[in-house]
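The opening residue of the sequence shown carries number 58 in this note's numbering; numbering runs sequentially from there. Written below as structure tokens is the structure these notes are about.
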Amino acid sequence: MATAWWIVLIIVALLAGVALGFFIARKYMMNYLKENPPINEQMIRMLMMQMGMKPSQKKINQMMAQMNKMNDK
58 MATAWWIVLI IVALLAGVAL GFFIARKYMM NYLKENPPIN EQMIRMLMMQ
108 MGMKPSQKKI NQMMAQMNKM NDK
């Protein structure tokens, strides 16, 4: 009977660890994305303007496609 209790205890501890790990990882990722948002078209437009370039929609689309291509690798 004692062996059955150990098995149940191990399974419960494993499930609790998985659930706790999931919520900790979720909280970490939400904080990370809040502090470091992914780059979007508006950010690229601002960067180009700061560098003295006049951003056209074609250039912005090219840069977004290039960044998405880099992220896929």
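The C-beta atom is built at its ideal place from N, Cα and C for all residues, glycine as well.
- Nearest-angstrom Cα distance between E98 and G74? 40 Å
- Message: By the three-class DSSP mapping on this structure, what secondary structure does M87 have?
- Response: helix
- Could you give the distance in angstroms between the alpha-carbon of L77 and the alpha-carbon of I68? 14 Å
- Look up N128 in the DSSP assignment and say whether it is helix, strand or coil. helix
- Limits of the unbroken alpha helix (DSSP H) element including M105: E98 to Q107
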